[in-house]
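One structure is given below, encoded as structure tokens.
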DNA sequence: TTGTTATTATCTCATTATGGGACAATAATA
DNA sequence: TATTATTGTCCCATAATGAGATAATAACAA
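Residue numbers (our numbering), protein chains in the order written: chain S, 1 to 239; chain E, 240 to 478.
This is the structure in structure tokens:
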């Protein structure tokens with residue numbers, strides 16, 4: 001547990017009582033997924049998160065945390081809300097975690113304090129992510145939004161709010177260019193929208209709308225071997 | 240300066256390095272206004288702000304700050320962004336303030352530290368506000384958005400971001416019911432929208448849109464004494 | 001009383017956007 | 001060569017929006 005001791009020793013490096021939590025969205029097999037960490041010795045999962053260094057901007061802190069968990073740089077990132085109700089991180093809960101990990105540090109006031117957490121959501125290309133646990137966790141895995149495991153603190157609420165924000169900004173933020181691979185079919189783009197919005201869309205009208213935005217380039221056809229007309233591949237115009 | 244000493248003595252009451260800044264919008268004489276504080280002994284104005292108590296939710300802290308500056312309770316409030324770049328509050332700047340106020344406290348590390356600030360915007364009925372300075376300020380006054388004075392820190396940027404957020408959420412948030420008095424004419428509502436959006440709107444189409452939302456109740460006519468047709472008064476339906 | 005004037009409240013019509021069905025094109029397979 | 005499962009378009013009814021035109025009316029002037 002040397003890592004943990006180092007961590008506690010370095011407390012002056014960080015802004016106290018302030019954390020950053022990241023909801024990392026990916027899209028795979030027609031489903032929206034979230035990257036989560038399994039906490040060591042506990043039957044609980046948590047969002048990738050961390051603290052803000054004294055000389056570090058909050059967006060930089062989020063990018064650093066994201067890079068550590070995914071291996072990716074310059075990820076698409078949006079601050080969406082601060083979670084700071086008085087009762088969100090109960091001492092009892094943190095205490096439970098600390099007992100298992102490091103009984104001596106139970107009285108360490110720093111980790112038992114109440115935290116205000118800045119919520120970010122990130123959009124990543126699922127296929128490019130290399131999930132990496134941190135020193136508090138054993139695994140780092142993707143979960144379907146529909147089948148989230150038991151989550152620590154108010155992390156379920158944070159994920160929910162992130163999704164709501166994503167829905168609202170879906171049209172204005174060109175979400176597809178971050179969640180899909182370089183090239184994709186119109187059907188894949190549509191099913192991404194359908195998954196996020198949780199509602200069916202009409203093929204014809206969706207295509208009309210997307211093409212009218214003038215943000216897509218049509219590339220060659222994709223021959224999948226299926227017994228039907230081959231769909232076009234698209235990519236987002238870079239501008 | 241006893242108040243200031245009390246304030247510094249009570250530092251353990253608050254979450255360190257975290258502040259709340261409120262952009263309080265009002266509407267008067269067809270103009271959008273912001274409530275600002277004149278800092279004592281400095282040619283600078285600042286947003287109403289404060290700190291979060293250890294046992295207080297961040298929204299509660301914002302409401303408390305708002306009540307202290309306006310005398311109003313249960314104000315309409317939205318969290319809109321966190322300002323936390325590494326260089327936003329330079330030590331030099333705070334030091335300048337402290338020199339004037341209280342030379343002994345210059346070395347007080349607490350107030351010289353870097354701050355992360357949660358930005359809220361509030362919508363209030365201009366006519367009901369009783370502007371009240373805090374212990375760091377001499378005056379508390381309304382300013383037109385178009386004629387802001389010299390502002391401390393990054394407060395001009397904070398105000399700008401608040402206005403942008405207000406514009407984007409204008410349609411979904413029924414802004415009028417918070418910025419206008421109980422009853423108002425359609426023209427007043429329209430000029431509120433025009434002021435926020437900074438663009439002219441057409442009378443006929445604006446009225447059609449507003450009435451179609453089914454959120455307004457038409458009351459009696461307003462006889463102003465002007466030599467023309469008297470406009471109807473409206474109020475927002477309560478539901 | 002009877003215009004006159006400045007607004008306010010509606011109406012109308014063209015244009016654009018959206019919802020929803022229909023149909024032709026086509027890649028593999030029978 | 002016909003069949004099948006999709007994909008890419010087209011068309012039309014309806015709804016929303018932009019923009020001008022017209023009617024109503026409160027005070028005032030003649």
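Built from N, CA and C at the ideal position, the CB exists for glycine as well.
Since this is a predicted model, take the numbers as computed values, not measurements.
Grouping DSSP H, G and I as helix and E and B as strand, with all else coil, what is residue 435 of chain E? Helix.
Which residues in chain S sit within 7 Å of residue 324 of chain E, going by Cβ to Cβ distance? Correct list: 57.
Residues near residue 206 of chain S by beta carbon distance below 6 Å, same chain, minus five either side: Only residues of its own chain outside the window of five on either side were considered, and among them 190 have a CB closer than 6 Å to the CB of residue 206 of chain S, listed in chain order.
Please name the residue or residues paired with residue 424 of chain E in a DSSP beta bridge. Note: residue 424 of chain E sits in a beta bridge opposite E/472.
Measure the CB-CB distance between residue 260 of chain E and residue 276 of chain E and report whether it falls below 7 Å. Contact: no.
Spatial neighbours of residue 217 of chain S within its chain, please: CB distance less than 6 Å, with the 5 preceding and 5 following residues excluded, ordered by chain position. Result list for residue 217 of chain S: 235 and 237, in chain order.
On the criterion of 16 or more Cβ atoms from any shown chain inside 10 Å, does residue 378 of chain E qualify as buried, or is it exposed? By the 16-neighbour rule on beta-carbons within 10 angstroms, residue 378 of chain E is exposed.
Identify the contact partners of residue 81 of chain S in chain E, using a Cβ-Cβ distance below 7 Å as the criterion. In chain order: 318.
Just verifying my parser: in three-state terms, what is the DSSP assignment at residue 393 of chain E? Coil.
Going by alpha carbons, who is nearest to residue 314 of chain E out of E/262, E/362, E/468 and E/273? Among E/262, E/362, E/468 and E/273, the Cα nearest to that of residue 314 of chain E is on E/362.
Can you list, in chain order, the residues of its chain whose CB lies under 7 Å from that of residue 369 of chain E, leaving out five sequence neighbours each side? Annotation for residue 369 of chain E: 309 and 310 place their beta carbon closer than 7 Å to its own, counting only its chain and skipping 5 residues before and after.
Against chain S, which members of the stretch 253-276 of chain E pass a CB distance test of less than 8 Å? Cβ contacts with chain S come from 254, 255, 256 and 257.
Using a Cβ-Cβ distance under 7 Å, would residue 65 of chain S count as near chain E? Using a Cβ-Cβ cut-off of 7 Å, residue 65 of chain S does not count as an interface residue toward chain E, since no Cβ of chain E sits closer than that to its own.
Which residue from S/78, S/67, S/84 and S/59 puts its Cα closest to that of residue 323 of chain E? Among S/78, S/67, S/84 and S/59, the Cα nearest to that of residue 323 of chain E belongs to S/59.
Below 9 Å on C-beta distance, what does residue 312 of chain E contact in chain S? The contacting residues do not exist; residue 312 of chain E stays about 19 Å from chain S at best.
For residue 118 of chain S, decide whether its Cβ has a neighbour in chain E, counting only Cβ atoms nearer than 7 Å. Output row for residue 118 of chain S: interface = yes.
Presumed contact (8 Å Cβ cut-off) between residue 418 of chain E and residue 360 of chain E, rounded CB distance: A Cβ-Cβ separation of about 11 Å leaves residue 418 of chain E out of contact with residue 360 of chain E under the 8 Å criterion.
For residue 292 of chain E, collect the residues of the same chain with a Cβ closer than 7 Å to its Cβ; drop the 5 residues on either side in sequence, then sort them by chain order. Correct list, in chain order: 252, 253 and 300.
With a cut-off of 8 Å on the beta carbons, I'd call residue 505 of chain E and residue 274 of chain E a contact; round off their distance for me. A query on residue 505 of chain E cannot be resolved here, the shown segment of chain E reaching from 240 to 478 and no further.
Where residue 119 of chain S and residue 30 of chain S are concerned, what is the direct C-alpha to C-alpha distance, given to the nearest angstrom? When the Cα atoms are used, residue 119 of chain S and residue 30 of chain S turn out to be separated by approximately 25 Å.
Residue 465 of chain E: buried (16+ other C-beta within 10 angstroms of its C-beta) or exposed? Exposed.
Contacts of residue 399 of chain E in chain S (Cβ-Cβ under 7 Å): In chain order: nothing, as chain S lies at least about 16 Å away.
Continuous beta strand (DSSP E) stretch holding residue 24 of chain S: start and end: That run of the beta strand (DSSP E) goes 14-28.
Over the uninterrupted beta strand (DSSP E) stretch that includes residue 325 of chain E, give me the two end residues. According to the DSSP assignment, residue 325 of chain E belongs to no beta strand (DSSP E), since it is labelled neither H nor E.
Applying the criterion that 16 or more other CB atoms from any shown protein chain within 10 Å of the CB defines a buried residue, is residue 385 of chain E buried or exposed? With fewer than 16 other CB atoms across the displayed protein chains lying within 10 angstroms of its CB, residue 385 of chain E is exposed.
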